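Peer 1:
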Amino acid sequence: ANFKRNDDGGHSYVYKQPERPEEEALCKEAMEGCPVEAIGDDGVCAGAALVADA
Numbered sequence: 810a811n812f813k814r815n816d817d818g819g820h821s822y823v824y825k826q827p828e829r830p831e832e833e834a835l836c837k838e839a840m841e842g843c844p845v846e847a848i849g850d851d852g853v854c855a856g857a858a859l860v861a862d863a
């Protein structure tokens with residue numbers, strides 16, 4: 810799992826950067842489907858380096 814949920818705070822966050830193509834595809838899907846654009850790709854790593862805003 811690349812994302813975890815904080816139920817007390819009511820938010821999700823990036824727990825682990827994607828390491829495999831399958832994980833990267835799922836993370837990109839989450840990024841594209843985020844209704845408030847709170848997940849981004851900072852482009853630092855060879856793959857996606859995800860950043861989730863609180």
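Numbering-wise, the numbering used here comes out as the position in the sequence shown, counting from 1, plus 809.
Each residue gets a CB set at the ideal place from its N, CA and C atoms; glycine is no exception.
Since this is a predicted model, take the numbers as computed values, not measurements.
If I follow the unbroken alpha helix (DSSP H) through Gly818, where does it start and stop?
Peer 2: By one-based count along the sequence shown, residue 818 stands at place 9. Per DSSP, Gly818 lies in no alpha helix (DSSP H) and is assigned neither H nor E.
Peer 1: Should Pro830 go down as buried or exposed, given a rule of 16 or more other Cβ atoms within 10 Å for buried?
Peer 2: By one-based count along the sequence shown, residue 830 stands at place 21. When all chains shown are included, Pro830 counts as exposed.
Peer 1: Short of 8 Å in beta carbon distance, which residues of its chain neighbour Leu835, apart from the five on each side in sequence? Order them along the chain.
Peer 2: The sequence position of residue 835 within the sequence shown is 26, counting from 1. Exclusion of the five residues before and after Leu835 leaves Asn811, Pro827 as the residues of its chain whose Cβ lies within less than 8 Å of its Cβ.
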